[in-house]
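Engineer:
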Amino acid sequence: MKLYEYMGKELFAQFQIPVPQGKVITTAQEAEQVALNLGGPCVLKSQVLSGKRGKAGGIVFADTPQEAKEGAEKLLGQRLGDYTIDMLLVEEKISIEKELYLAITIDSGSRQPILIASTQGGMDIEEVPEEDIIKEPIDVLIGLKSFLAKDIVRRMGFPLLSPIGKELVNIISNMYNLFLSKDAELVEINPLAVCGKKLVAADAKITIDDEALFRQQDLPRVEENTEAEQAARELGLAFVELDGDIAVMANGAGITMGTLDTLAYYGGKPANFLDAGGGTGVEATAKALELLLSRNPKAIVINIFGGITRCDDVARAFATVKANREIPVPVVIRLVGTNQEEGRAILQEAGIEAYDFMQDAIKKAVELAHSS
Amino acid sequence: MAIIIDDKTQVLVQGITGKQGQFHTMQMKAYGTKIVGGTSPGKGGTTVDGIPVYDTVREACENHKIDASVIFTPAFFAKEAALEALEAGIKVVVIITEHIPVHDEMEIMAYGKRYGATIIGPNTFGIVSSGQCKIVIPPNPYFIPGSVGVVARSGTLTYEIVGNLTAQGIGQTTVVGMGGDRIVGLSFVDVLKLFEEDPETKVVVLIGEIGGDAEERAAEYIKIMTKPVVAYIAGKSAPPGKRMGHAGAIIERGKGTFEGKVKALSEAGAKVAELPFEVPVMVKETLKS
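Chains as they are written, first to last, in this note's numbering: chain A, 1 to 372; chain B, 373 to 661.
#1: Give the interface partners of F497 (chain B) over in chain A, defined as CB-CB distance under 7 Å, in chain order.
#2: What are the complete alpha helix (DSSP H) segments, minimum 4 residues, inside the segment 146-233 of chain A?
#3: Could you give the residue range of the alpha helix (DSSP H) that holds P652 (chain B)?
#4: Sorted by chain position, which residues of the same chain lie with C-beta nearer than 8 Å to S502 (chain B)'s C-beta, five sequence neighbours on each side aside?
#5: Could you tell me whether any non-hydrogen atom of the ligand GDP is closer than 7 Å to the CB of E10 (chain A)?
#6: Taking the alpha carbon of T603 (chain B) as the point to measure from, which residue in B:I492, B:A457 and B:A524 has its own alpha carbon closest?
#7: Spatial neighbours of K322 (chain A) within its chain, please: CB distance less than 6 Å, with the 5 preceding and 5 following residues excluded, ordered by chain position.
#8: Out of A:M249, A:G57 and A:S371, state which residue places its alpha-carbon closest to the alpha-carbon of S46 (chain A).
#9: Rounding to the nearest angstrom, what Cα-Cα distance links V48 (chain A) and K205 (chain A) in this structure?
#10: Counting only the same chain and skipping the five closest in sequence on each side, list residues whose C-beta sits under 7 Å from that of G493 (chain B).
#11: Using CA coordinates, which residue listed in A:G22, A:T26, A:L44 and A:K52 is at the minimum distance from L38 (chain A)?
#12: Which same chain residues end up closer than 6 Å to M478 (chain B) when comparing Cβ atoms and leaving out the 5 residues on each side of it in sequence?
#13: Jot down the residue ranges of each uninterrupted alpha helix (DSSP H) in the segment 422-468 of chain B, minimum 4 residues, whole runs only, in chain order.
#14: How would you write the range of the beta strand (DSSP E) that P65 (chain A) sits in, first residue to last?
#15: If you draw a straight line from the alpha carbon of P510 (chain B) to that of Y426 (chain B), how long is it in whole angstroms?
#16: Quick check on the DSSP output: what are the complete alpha helix (DSSP H) runs of length 4 or more inside the segment 240-320 of chain A, in order along the chain?
#17: Alpha carbon to alpha carbon, how far is I443 (chain B) from I491 (chain B)? Give it in angstroms, no decimals.
#18: Let me check understanding here. Comparing Cα to Cα, which of A:E126, A:I114, A:K166 and A:Q216 lies closest to Y176 (chain A)?
#19: Which residues mark the beginning and the end of the alpha helix (DSSP H) in which L564 (chain B) is found?
#20: Taking C-alpha atoms, which residue in B:G461, B:P424 and B:A591 lies nearest to V563 (chain B)?
#21: Closest Cβ-Cβ distance between K643 (chain B) and chain A: below 8 Å?
#22: Within its chain, find whatever has a CB closer than 6 Å to the CB of V282 (chain A); leave out the 5 residues flanking it on each side and keep chain order.
#23: Let me confirm a value: H618 (chain B) is counted as buried when at least 16 other C-beta atoms fall within 10 Å, else exposed. Which label applies?
#24: Helix or strand or just coil, what does DSSP make of V366 (chain A)?
#25: In chain order, what residues of the same chain have a beta carbon less than 7 Å from the beta carbon of Q392 (chain B), not counting five sequence neighbours either side?
#26: Between T536 (chain B) and Y403 (chain B), is the Cβ-Cβ spacing less than 8 Å?
#27: What ranges does the alpha helix (DSSP H) occupy inside the segment 14-41 of chain A, keeping only unbroken runs of at least 4 residues that lie completely in it?
#28: Any beta carbon from chain B within less than 8 Å of G8 (chain A)'s own beta carbon?
#29: What does DSSP give as the partner residue(s) for V508 (chain B) in the beta ladder?
#30: What does the Cβ neighbour count give for S412 (chain B), buried or exposed, with the cut at 16 atoms within 10 Å?
#31: Under a CB-based cut-off of 8 Å, is K608 (chain B) close to chain A?
#32: Hey, would you say F305 (chain A) sits closer than 8 Å to L274 (chain A), going by beta carbons?
#33: Measuring straight from C-alpha to C-alpha, what distance separates G343 (chain A) and V331 (chain A)?
#34: Let me know the secondary structure DSSP gives F61 (chain A) once reduced to three states.
#35: Would V329 (chain A) and Y266 (chain A) be called neighbours here (beta carbons separated by less than 8 Å)?
#36: Can you list the alpha helix (DSSP H) stretches of 4 or more residues lying completely in the segment 68-130 of chain A, in chain order?
Quick look at the structure:
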């Protein structure tokens, strides 16, 4: 779950990471009022979840409260990439002498958190050469202790006893505390602005691990899925809308992707990616089918190789849906694996023959979709 | 021969009294896996399908020599279960559980390293040394002994490909599911090295998917392998930037793309299949030559 910048900055403030003064607003009047209270030049920052807001025109400067009002009027309601701007963070304008970069994220290779630091922060961080970026995996059993933070600061070229050096050590340690205690996948400050003898986090990017939300009750919830995606999520299914006309359900991300690949190979266009996961029961599977039907595809292909998923559960789900409603489109089912015989017997009673091989089932689904 | 587990491996099931635990314990037993015990706090002294249940892993270890443990416990409890197995000295820990918080996974791996254990998963279907020992989920009939080593990130896609191999009479030495999460205990390289050293494995099948850089790292090692590798990468038609279920299957910053992985693997000398069902054909050709 990605957090908006203003949420990230609220967390930074809680963890003693300095942020500019400011407030999030939703109307131009509020923008004017906040600018008035700040009492100087300010910046209006669109609160959307995509990066590169500056380059896309989502950040506007204002010297007076009047300009802040006008800027907000211009930005609010505008589209920025895939998002509509409906919130702005109005902040004091800070004079930046130098931009640093700090991030902590998860490194699959070393199976540890990794700290990334550079003295060349800012919008073009992705173009900074490798040798100017410090990458330091963190042993979770030790944690990011002060000695390691000091060594990072030394390597960044700041004297440890200088005001900036001391502040950097604190910020790095505090970032790790935040990363750890909020189950973050990413905590990024870009840029971390050098303003005289002070450092200020001019931006905040935080992503929280979705799987850990159950123990992060204090955090706000940010939703960026479509309605259908949200409905599937509540059923415990992974669902992504695509723009084709053949609905797909499979069990497991890998085989679902393999199904899409095979569908594309036979000239079909998938309407969605639906990974029904492992061990999904009858009820959730039936609801998943309903979800696919609600989107009016030309055909549905179900590709199940049961391991933890039981073929009889899938078959029962299909039979339940079929008994309760009309299914106006052809459904092709490939069903093998755990409890295969029971599953096929149930399907046979429901008047459907299961396929043995996925390529045969998928090819058939493409034919049926094209002929309808 | 096989890798990691064989016909002598004695297995403990953590969470044996749960629905999944019970069902798959019976399936594993039916395959011939030596399951010597299970744990379920508070249910010590009972049995599941004739298998003794203990309160704790330590208690199970006092009564049996245990080589491997398999964890079925729910996500919020999985870290505790894994640490319990490691602390008790078990050297192979298979974690089936999905949806484990990533910070818990990193901690499990750090302790795994400290205790010198092999961790398979989380979010894996497990591991099968065909005809000898099956730890966990894969459906029994599709795994027959032979000379192909299989390593994969994704479970059902592995059944698909192994099922196709078996249908053509091509058996396997060991089939390893590394797990679908971003943090897993084994890398492709770890497993490829074991297959390279295993005298019975003649060909290795690598089943990857878009996202991350595990396949690119594997390609580096494939360059120096003596055994042929056949690979399939799922996700060719996945739209970029969309999450496809697995936390790992995210395309970002141009890394982890289908094209990049295919290029890295092909240049390293692996044969790359376009579709899942082409894998057995390529394996057959490779075994002949």
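Note that beta-carbon positions come from the ideal geometry of N, C-alpha and C, so glycine has one too.
Structural biologist: Taking the structure as given:
#1: G307
#2: 146-156 and 163-181
#3: V651 to K660
#4: A374, F515, I516, P517, G518, G543, Q544, T545, T546 and V547
#5: In the structure on display, the ligand GDP does not appear, and there are no ligands present to speak of.
#6: According to the sequence as given, residue 603 (chain B) is Ala; it is not Thr. That would be B:A524, whose Cα lies nearest to the Cα of A603 (chain B).
#7: Same-chain partners within the cutoff: A350.
#8: A:G57
#9: 11 Å
#10: V466, I467, I468, G551, V556 and G557
#11: A:G22
#12: Leaving aside the five residues that flank M478 (chain B) on each side, the residues in its chain whose CB is nearer than 6 Å to its CB run, in chain order, I555.
#13: 429-435 and 447-459
#14: Taken as a continuous stretch (DSSP letters only), P65 (chain A) belongs to no beta strand (DSSP E), being part of the alpha helix (DSSP H) at P65 to L75.
#15: 25 Å
#16: 253-265 and 282-293
#17: 11 Å
#18: A:I114
#19: Counting along the chain, the alpha helix (DSSP H) containing L564 (chain B) begins and ends at F560 to E569.
#20: B:A591
#21: Answer no: the Cβ-Cβ gap between K643 (chain B) and chain A never drops below 8 Å.
#22: D313, R316 and A317
#23: With a pLDDT of only 35 at H618 (chain B), under 50, the local geometry of the prediction cannot be trusted, and the value read off the model is given with reservation. With 16 or more other Cβ atoms from the protein chains shown falling within 10 Å of its own Cβ, H618 (chain B) counts as buried.
#24: Three-state result, V366 (chain A): helix.
#25: F444
#26: The amino acid occupying residue 536 (chain B) in the given sequence is Asn; Thr does not appear at that position. Pairing N536 (chain B) with Y403 (chain B) gives a Cβ-Cβ distance that is not under 8 Å.
#27: 28-38
#28: no
#29: B:G498
#30: buried
#31: yes
#32: no
#33: Whole-angstrom Cα-Cα distance: 16 Å.
#34: strand
#35: no
#36: Taking only runs of at least 4 residues, no alpha helix (DSSP H) segment lies wholly in the segment 68-130 of chain A.
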